[in-house]
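Those letters in the sequence shown? Residues -20 to -1, 1 to 807, per mature numbering (1 follows the signal peptide of the UniProt record, and there is no 0), in order.
Backbone N, C-alpha and C define an ideal beta-carbon position, used for all residues, glycine too.
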Amino acid sequence: MLLPPSLLALLFTILPTAHAEDAGPNNASLLWGPYRPNLYMGIRPRLPDSIIAGLMWGKSEEMESKLRHTVDVSAGMARYGWTAYDTREGGIQTIEDVQNKIDITTEFIKHSEGPSAGNWALRVRGVPRKDAPGDLKTSVVFYVGMESMDTCTKCKLQASEQLGVDEDTSVHAGNLWIEHPQLGTASIHIPASVGENGRHEAMVMKSLNVTDDKLWDAKSTFLDSLKDQIKDHKDSTPMDTMLSNEPGPGNMHFMQMTCHGKFQFDVLYSSHAAPRAMTSAEVTRDLESTVKSFRKAFGHVFTPKTPFHSDQHLAFSEYVFSNLLGGLGYFSGAAQVDTAKKAIYAETTGKFWEKSEEAKKHAIPEIRGPYELLTHTPSRAMFPRGFLWDEGFHLLPVLDWDADLAMEVVRGWLALMDEDGWIAREQVLGPEVEASVPADFVTQLPHIANPPTLFMVVSKFIDMLEGKTKYYGHESWYLTKIDAGKGLLTEMYPLLKKHYEWFRKSQSGDIETHSIPSANLNEGYRWRGRTPGTNYPSGLDDYPRAEPPDITELHLDALCWVGMMSRILEQTAFFTSKTHDALTYQNHLRGIKTNLESLHWDTKQNLYCDSVVRDDVHTFVCHKGYISLFPFLTGFVGPDHAHLPAILDLLRDSNHLWTDHGIRSLSPESKIYGVGDNHWRSPIWVNINYMIIEQLLHLAKTPGPAQQRCREMYVELRSNVVHTVFSAWLQTGYVWEQYDPVGGHGQRTQHFTGWTALVVKIMNMPDLGGGEGYKERIKDYYDEAKKTAVENRGSSAGAVGFATMFMGFVYVTRRRFAGTLRSLRRR
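Set out below in structure tokens:
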């Protein structure tokens, strides 16, 4: 009973587009933030050589062993993380500190009123846990430091105390005066917490001059200062618990309070360029509105859809997404790059991994930079730095929420590209990050690639600009000012193209050796950086490959990533009017599609595989798992593709990849299933499951012989993955890096709110089962018709209203329509 889309299109007209204020995407709302994600609470601006601040706390009598500062899995927190957080406004974080018998809440808000004119505030609250002793004393420390102050003639940082009146000589508040060339003049006011007895808690201000490496290592600096007091005062106790009160000039300042029972205090930052100072009353008012604003916006963008309608599911989704945003960090500093042995690192001779390893031992890294980067991080505890292939996945939900923020992060990553087009896969910028990274991973190698997932974000952004994907997030400069969006892509395009060309050249494979007459000789790729048993550059670290590594290997996933880049560059070239380039990418795509079949499809096993030359013969290296799925994951297996049934069979087979908890990384038939470190040799990974679910959804909504099967698999897999991540969160308080394929429990890194946060997008995907599935199909039909109308510039505003009512009528009476259709078919 539905009209053809071409006819229904006549009922629609183009709706007017809202216009953003002329504010630009990079205003002061992104200047300040908790951009030191390795700390429970670390604040700084997006400026190098500027202010850093942080929070520490611990039991007064056990500070040396239990002082909290950096996020530490060994600290035994029952739970920690943001319950509601927006990058541009702030939010609330809770930290359940079992060992210190205290629950800490940090509430951060900020106002942005132009460059350097923004104010921010941090409210810190502590509540003793139920098992805490009645006389619990907690030492709380807030510190502020200024980087590179010794080389800045216009910089100033000075502390002063504010005492009580009359006979009250206790410190009632601490004040800091700040002068900085880019931040201007500002002040920080910290009133002391008032105890339950109505008196101010003991408070001291200590000012120091230290080397820059002592600024970020504030915990050690603080404890060393306490120890120094013991040396100065021979009659002191074995460990002083309070610093001496010595405010004044310096590049580092500690504010310390000893709090009895529960406590609360504010840190109020006020720019002197702002129209008014930040106050505690304003903090109270704005915290409530910030949380309400976040939850309202979240409802518009990410409301979990059927069957995830419970309040717990909503709280879970808000928590996971808040912690993805809360993992955003700003990093600056030099990077170490090994450029000395280019010939060896090309890996063109036998046992190349041994020669590369020997070259690394004698390498003297080149110091490059300094660089700056704003990026999300996979895990605040274990991986608080930028990872190239992770960030593309991070930005997919961020793009839905705040398109301008997502594209600002992409810009930052592209700005790190060297003259050849290489981007380091790990960003180890500055001494604070370097101190937390194993020595073997600090120096980056310019022949090492990584999956180019940032291209996925660019593609989705173009879909938004073209109206193919609806956007419900923050007001976007780029999406409302289409010329600005097109200008941004025009700016990015040469860099995307350069990275693509570098990847094709640096990771090229030896196709001729395989002697396949039908193969395209330009489109075959081999990850550099392989070692026996590992392939870290691919992102799938220990997934089985050809053993031993060989210079004739052709890696299926590398070819698929190049194909994805080609397709997205074609899309970008057409959008930015680079038609000639688009034709080049089309030619590349034809070669890639040819070689997917000629070089990587094993007709005997009905499987896509890596390949290698053994005894002068083209040989398939087949391990059923994520690699086998890459042509499907990256969109090269459409609804009519000859190999789609085989791929769906592999996916759905519980003897191979299907489990009740998600798609596992490797089939149990593999001899190395679950062996060794077992990163990608059995566990379930949410990022790959997201790609599978996304492709199943596309095929479920596209006519084809497997449409119904894809719909059923989509519904079941979506439910399984969400249930797995949600259940582990309920049980442990955390989301995890990976999930066990047998029991579904979370494992390896806890609080892995990087790409595991894709579960938020999965929950927001449409339910295609039952009545909701029918509703979704009506909606798709409606959108298709509207799109056709826009293209035809059709009809009147009145027709839009009629169409809307008509579609509502169809949905409400869908069962009657369905019954009529069935009766007609029976006749």
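Distance from residue 305 to residue 115 at the Cβ level is roughly 38 Å; contact not present, criterion being Cβ atoms closer than 8 Å. Within the model, the alpha-carbon separation for residue 623 versus residue 94 is close to 56 Å. By the neighbour-count criterion, in which 16 or more other beta carbons inside 10 Å mark a residue as buried, residue 332 falls on the buried side. Per DSSP, residue 601 is one residue of the beta strand (DSSP E) stretching across 597 to 601. DSSP lists no bridge partner for residue 681. Looking only at 232, 210, 405 and 33, the smallest Cα-Cα distance to residue 222 is reached by 210. By the criterion of at least three beta-carbon pairs nearer than 8 Å, the region 640 to 649 is in contact with the region 717 to 730. Secondary structure note for residue 314: it is in no alpha helix (DSSP H), and the uninterrupted beta strand (DSSP E) holding it is 309 to 317. In this model, residue 355 and residue 340 are separated by some 28 Å (Cα to Cα). With a beta-carbon spacing of about 7 Å, residue 205 and residue 188 fall inside the 8 Å limit used to define contacts.
In this structure, the alpha-carbon of residue 368 lies about 28 Å from that of residue 491. By the Cβ criterion, the region 356 to 376 is not in contact with the region 30 to 37, since fewer than three pairs of Cβ atoms, one from each stretch, lie closer than 8 Å. Residue 239 sits in a strand when the DSSP states are folded into three classes. The continuous stretches of alpha helix (DSSP H) do not include residue 99, which lies in the beta strand (DSSP E) extending over residues 99 to 108. With fewer than 16 other Cβ atoms inside 10 Å of its own Cβ, residue 634 counts as exposed. Here residue 545 has 432, 435 and 480 as same chain residues with Cβ atoms under 6 Å from its own Cβ, once five neighbours each way along the sequence are excluded.
The region 143 to 154 makes contact with the region 179 to 198: 3 or more CB pairs, one atom from each, lie closer than 8 Å. Relative to the Cα of residue 671, the nearest Cα in the group 689, 288 and 612 belongs to 612.
Uninterrupted beta strand (DSSP E) stretches at least 3 residues long and entirely within the region 549 to 622 occur at 590 to 594 and 597 to 601, given in chain order.
If you ignore the 5 residues before and after residue 619, its C-beta comes within less than 6 Å of the C-beta of 679, 682 and 684, all in its own chain and listed in chain order.
Contact between residue 320 and residue 347 is ruled out by a C-beta separation of about 13 Å, above the 8 Å threshold. In the three-state reduction of the DSSP assignment, residue 454 falls in the coil class. With three or more CB-CB distances shorter than 8 Å, the region 228 to 248 counts as touching the region 129 to 138. Residue 745 sits in coil when the DSSP states are folded into three classes, being neither helix nor strand. Judged by pairs of C-beta atoms under 8 Å, the region 555 to 563 touches the region 469 to 480, as three or more such pairs exist. If you check the CB distance, residue 661 and residue 645 come in under 8 Å.
Boundaries of the alpha helix (DSSP H) harbouring residue 444: 434 to 445, taken from the DSSP string. Between residue 105 and residue 118, the C-beta gap is not smaller than 8 Å, which leaves the two residues out of contact. Assignment of residue 393 by DSSP, reduced to helix, strand and coil, places it in the helix class.
Residue 126 sits away from residue 190, with the two beta carbons spaced by 8 Å or more. By the Cβ neighbour-count rule, residue 715 is buried, with 16 or more other Cβ atoms within 10 Å of its own. In this structure, the CA atom of residue 161 is about 40 Å from the CA atom of residue 42. If the five residues before and after residue 571 are omitted, its C-beta is found closer than 8 Å to the C-beta atoms of 500, 502 and 503, all from its own chain and listed in chain order.
Annotation: residue 73 to residue 64 spans about 7 Å, alpha carbon to alpha carbon. In the three-state DSSP reduction, residue 716 falls in the strand class (E or B).
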